[in-house]
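Enquirer: This is the structure I want to talk about, given as structure tokens.
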Amino acid sequence: MSKVYFILMSVLSVTYCENESFHKLEQPSKKTKKLEVYNENVFTFNLFENFESAREVYRSDLKLIDHLFSVRSSLQDKYDHLSSNRVWTGSPEVPLSNLTFGDDEDFHGAVKGLVFLHDTYSFDLNQLAKGVILVKSYPKGRLKFSNGHPLGFEDFLILGKQAFALRLYDRAIEFMRMVLKLLPDQSGLSKAEVEAIHKMRRDLMTLNNQNLYKSGQIIHANFKILPYIVNDKLKRKKIQPDFVQEEHLIHLNGFGRFERDAHFRRVCNGQMLRKTPVEPQKCHFLHHHNPYLKLGPFKMEVASKDPLIMVFHDFLAKSELEFLIEYSRPRLSRGRFYNPYNEALQAGLNEGKKVTRIVQKSVQCWIGDLEYQAYHDNLHEFERDFNYTIHFPNLFRLTQRMELATGLNTTAKYATTEYQTTNYGLGGLCETHYDPHGYIEGVELPPHPKFKRYLKWGDMMATVMGWLEDVEAGGATGFADPGNEVLIWPRKGSVAFWFGLDRKGHRDKRLLHGGCPILKGSKWILNKWIHYYDQFDKVPCSLDPNDVVLPFEGIY
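With mature numbering (1 follows the signal peptide of the UniProt record, and there is no 0) applied, the sequence shown corresponds to residues -17 to -1, 1 to 539, in that order.
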């Protein structure tokens, strides 16, 4: 297979973005259904296949990039050949001029994505060298599948350097163990290259051991180390200090950006700091004492009592699942900044003037089930117009169903956001965040005019999140507040629900959450956020600082 083709695959399937350029190729709006199928099956190649291909380019310092446009006809032939053999015959013409090729930044983005996947799921690197993904400690049981592309000496060296640059020293040590294991077979290395490898080995040993002796802490404000002392071969020393043997280690002492992200990745693999384990989930038939619902109650699972997180099973009908995906697919966008709800999510994690991105390796679509005639941002202007138009009757019925299940107002003018569908590709994740903005607590609203709506609508009080498809591996929703960790796994047709605010309108900090990286396949989710002020009669305000929303009553 041509290296050029795989460069393209690397750009389209792997990139773990640092900036707001979330993808190098937007989904065209006028594609046939067959072309959409082609995009899914061809452009979401295995991460490790893309990594190996990108590595080949890296070996020649990416000089091939300069000559890509001179081989346009060759690439077009490859494209036509693949499309005719893999998906269909008589494919519509795809202009090559619309394609954007990768560069050094894309390659390093792919490497970084693979490092973060390993940091989350802890691959068995000896198996990875054979082309096998083995996760021994996967929360849902041992996970093993083949990726078909073994990694070699140079791959592990690149990964080790990237982990070192990210200050994930524990992962850098693990990658460098593989480098040292494979080093004797590398006869083509210069003396300077071998010395550079051994210098990195010594640096890692010093960084890990000195910091562990100094603090006994694993996750620091800007770096992470192993929970034990290593020898000069980067293996665990046989004799360990007493505080290591007795497990008197500090896993987390602060909760800055680096610490929060590192802890979240641990949560995604089931490593939690809860003093008591999560109680076994309990399932109920929920009817809210409503005579109508007593005849056909909702299937409610209490995933966590503290914090309160519920899952409604068999909530989405098959026709709704199919409609949401089919409608969204050609309209997916990587744009982030023109919807007030998504801006609120972004602003919730701003650190000074630096914007912290929420979603990585994903695309999304907004769908309005109904539309009211006019909105007035002026707080002093009396609302007289409450007429609305239903754009999608099936989604409006879904909104009414949410109203019955949650006991909240979801159909009033200022009650909820539009529906948001999101598709996460391989390696895709959603960083930890709070859904509510927190302005009732005093967090300043951004100056954008659309944020004035929050003064009338209230903050995002509750979250409804549904799964439109099952996920092959990874993709859980992790709640990462230290000591209150919870993992919820995707299940097609089910809907998760939680309150992000307490009864006085302040954020419940225990509901810090994110989407865990996709290890295999992809993930489709549906979101709708419920605003605070229109719930005045459903969840009355309370001045008790500890008064949270209690579990639902009215259950079988």
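Built from N, CA and C at the ideal position, the CB exists for glycine as well.
No experiment lies behind these values; they were computed from the predicted model shown.
Find out if the Cβ-Cβ distance for the pair residue 286, residue 237 is shorter than 7 Å.
Expert: In this structure, residue 237 does not lie closer than 7 Å to residue 286 by Cβ.
Enquirer: Is it buried or exposed for residue 125, if we count other Cβ within 10 angstroms and need 16 for buried?
Expert: With fewer than 16 other Cβ atoms within 10 Å, it is exposed.
Enquirer: Just list the residues that DSSP pairs residue 524 with in beta bridges.
Expert: The partner list for residue 524 (beta bridge, DSSP) is empty, contrary to what the question assumes.
Enquirer: Whose C-beta lies closer than 8 Å to the C-beta of residue 477 among residues of the same chain, with five residues either side of it excluded?
Expert: So the qualifying residues of the chain are 294, 295, 296, 297, 298, 299, 449 and 450.
Enquirer: Which of the three DSSP states is assigned to residue 371 in this structure?
Expert: Note: residue 371 maps to strand in three-state DSSP.
Enquirer: Bridge partners of residue 538, per DSSP?
Expert: In the DSSP output, where bridge partners are listed per residue, residue 538 has 269.
Enquirer: Could you pull the start and end residues of the alpha helix (DSSP H) that residue 181 belongs to?
Expert: Note, residue 181: alpha helix (DSSP H), 174 to 198.
Enquirer: Using the beta-carbon count (16 or more within 10 Å), is residue 425 buried or exposed?
Expert: Flag for residue 425 reads exposed.
Enquirer: One question on the structure: do residue 502 and residue 456 come within less than 7 Å of each other, judged by their Cβ atoms?
Expert: Yes, Cβ-Cβ distance for residue 502 and residue 456 is below 7 Å.
Enquirer: Am I right that residue 482 and residue 195 are in contact with their C-beta atoms under 8 Å? What's the rounded C-beta distance?
Expert: The pair is not a contact, with the Cβ atoms about 40 Å apart (cut-off 8 Å).
Enquirer: Among 407, 373, 190 and 431, which residue has its Cα nearest to the Cα of residue 395?
Expert: When each option's Cα is compared against that of residue 395, the closest is 373.
Enquirer: Distance, Cα to Cα, residue 244 vs residue 489?
Expert: Distance between the alpha carbons of residue 244 and residue 489: 23 Å.
Enquirer: Where DSSP assigns a beta bridge to residue 141, which residues make up the other side?
Expert: In the DSSP output, where bridge partners are listed per residue, residue 141 has none listed.
Enquirer: Under the three-state reduction of DSSP, which class applies to residue 403: helix, strand or coil?
Expert: Here residue 403 sits in strand by DSSP.
Enquirer: Starting from residue 507, follow the beta strand (DSSP E) in both directions and report where the run begins and ends.
Expert: First-last of the beta strand (DSSP E) with residue 507: 506 to 514.
Enquirer: Thinking residue 405 and residue 399 are a contact (beta carbons under 8 Å), I'd like their distance in whole angstroms, please.
Expert: Contact flag wrong, Cβ pair sits at about 17 Å.
Enquirer: Would the segment 417 to 437 and the segment 484 to 499 be scored as touching if the rule is three or more Cβ pairs under 8 Å?
Expert: Contact holds: three or more Cβ-Cβ distances are below 8 Å.
Enquirer: Mapping DSSP to helix, strand and coil, what is residue 440?
Expert: Note: residue 440 maps to helix in three-state DSSP.
Enquirer: At what residues does the beta strand (DSSP E) containing residue 353 begin and finish?
Expert: Taken as a continuous stretch (DSSP letters only), the beta strand (DSSP E) holding residue 353 covers 353 to 355.
Enquirer: Taking the beta strand (DSSP E) that residue 388 falls in, what are its first and last residues?
Expert: From DSSP, residue 388 is part of no beta strand (DSSP E) but of the alpha helix (DSSP H) over 376 to 389.
Enquirer: For residue 468, does the count of other Cβ atoms within 10 angstroms reach 16, so buried, or fall short, so exposed?
Expert: Under this definition residue 468 is a buried residue.
Enquirer: Whole angstroms are fine: how far does the CA of residue 401 sit from the CA of residue 355?
Expert: Going from the Cα of residue 355 to the Cα of residue 401 covers about 12 Å.
Enquirer: In three-state terms, what does DSSP make of residue 171?
Expert: In this structure, residue 171 counts as coil in the three-state DSSP scheme.
Enquirer: Quick check: the segment 117 to 124 against the segment 508 to 520, are there 3 or more CB pairs under 8 Å?
Expert: At 8 Å Cβ cutoff, the stretches do not touch.
Enquirer: What did DSSP end up calling residue 532 once you bin it into helix, strand or coil?
Expert: Residue 532 falls in the coil class under three-state DSSP.
Enquirer: Among residues of its own chain, excluding the 5 on either side of residue 519, which ones have a beta-carbon nearer than 7 Å to its beta-carbon?
Expert: No residues qualify anywhere along the chain.
Enquirer: Quick check: the Cα distance between residue 422 and residue 250, rounded to an integer number of angstroms?
Expert: Taking the straight line from one Cα to the other gives about 28 Å.
Enquirer: In the DSSP output, which residue or residues are listed as bridge partners for residue 490?
Expert: DSSP output for residue 490 lists 484 as bridge partner(s).
Enquirer: Just to check my reading of the structure: residue 497 and residue 463 have Cβ atoms closer than 8 Å, yes? What is that Cβ distance to the nearest angstrom?
Expert: 7 Å between Cβ atoms; contact.
Enquirer: Could you tell me which residues DSSP pairs with residue 347 in its beta bridges?
Expert: In DSSP, residue 347 forms a bridge with 316 and 405.
Enquirer: In angstroms with no decimal places, state the Cα-to-Cα distance between residue 288 and residue 473.
Expert: Cα to Cα, residue 288 sits roughly 19 Å from residue 473.
Enquirer: Give every residue of the same chain whose Cβ lies closer than 7 Å to the Cβ of residue 43, excluding the five residues on either side of it in the sequence, and list them in chain order.
Expert: Confidence at residue 43 is low in this model, with a pLDDT of 46, below 50, so its placement is unreliable and the value that follows should be read with caution. Correct list: empty, nothing qualifies.
Enquirer: Could you pull the start and end residues of the alpha helix (DSSP H) that residue 159 belongs to?
Expert: Its alpha helix (DSSP H) spans residues 152 to 165.
Enquirer: Counting beta carbon pairs with one atom in the segment 215 to 229 and one in the segment 159 to 168, are three or more of them shorter than 8 Å?
Expert: The segment 159 to 168 vs the segment 215 to 229: in contact.
Enquirer: Could you check where the beta strand (DSSP E) with residue 115 kicks off and where it finishes?
Expert: Taken as a continuous stretch (DSSP letters only), the beta strand (DSSP E) holding residue 115 covers 115 to 118.
Enquirer: With distances taken from CA atoms, which of 387, 306 and 417 is nearest residue 378?
Expert: Taking only the C-alpha atoms, the option nearest residue 378 is 306.
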